[in-house]
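To convert, note that position 169 of the sequence shown is 172 in the working numbering; the numbers rise steadily by one, no gaps. A quick write-up on the structure given underneath.
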Amino acid sequence: MLNFTSIYAEFYPKIYRYLSHFVGNINAPDLTQAVFLKVGQSLDSFRGECSLATWIYRIATNTAYDHTLSSQEKQRKVELFFDDTTVADTLLNTAMPEIEYIRREMNDCIRGLVDQLPENYRTVLLLSEFEEFTNPEIAEILCLSVDTVKIRLHRARAKLREAMEYHCNFYHDERNELMCDRKT
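Written out as structure tokens, the structure is:
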């Protein structure tokens with residue numbers, strides 16, 4: 004028997020972070036609550052044909068799509084790859100203020116470029132690179148074939164790489180870390 008309280012405790016932070024990438028931090032709490040309301044209402048009908056995580060992420064994905072379509076928020080900023088805690092942890096380990104500034108700029112730039120990806124590419128990229136789902140799991144979550152997931156992921160990476168090459172100058176800093184500046 005599945006326990007809603009333990010499911011909520013385990014998945015709430017993950018689903019919140021996932022949804023914040025689609026709708027931003029302002030709407031993520033409400034949508035996350037909507038997801039868990041649906042999970043709670045449907046928990047008895049969960050048949051176990053897929054993993055619990057896959058089932059919950061599918062509900063979250065549908066909720067995010069519904070919200071995006073109904074509210075016409077396709078222009079809103081999407082936070083992807085770097086949540087504020089990751090950036091903060093990285094910056095705390097950096098002694099030089101100029102590197103802190105450069106990393107913030109890189110973070111903002113990448114967020115903006117990912118925002119510009121078509122939603123279907125952004126979704127597979129998010130699930131693969133940030134949530135670390137396998138291609139078969141992504142296919143199950145999005146109700147796609149594994150081949151379609153592979154194609155979209157390849158295209159998403161190519162579009163992001165193309166955008167980064169167009170908008171960014173890459174170089175290695177004194178510690179041989181890859182860095183970039185926006186092209187003017």
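C-beta: ideal position from N, C-alpha, C; glycine also.
Inter-residue Cα distance where the pair is Y60 and R160: 22 Å
Residues that R185 bridges to, as DSSP identifies them: C171
Contact between the region 164-184 and the region 143-154 (3+ Cβ pairs under 8 Å): no
DSSP three-state assignment for L145, whether helix, strand or coil: helix
Residue environment, E143, which counts as buried when at least 16 other CB atoms sit within 10 Å: buried
Counted within 10 angstroms of its Cβ, other Cβ atoms place I2 as buried (16 or more) or exposed: Because the chain is modelled from 4 through 187, residue 2 falls outside the range shown and cannot be assessed.
For F39, the three-state DSSP class (helix, strand or coil): helix
Span of the alpha helix (DSSP H), counted from its first residue to its last, around T137: Here T137 belongs to no alpha helix (DSSP H), and DSSP marks it neither H nor E.
Three-state secondary structure assigned by DSSP to P16: helix
Helix, strand or coil at S54 [DSSP, three-state]: coil
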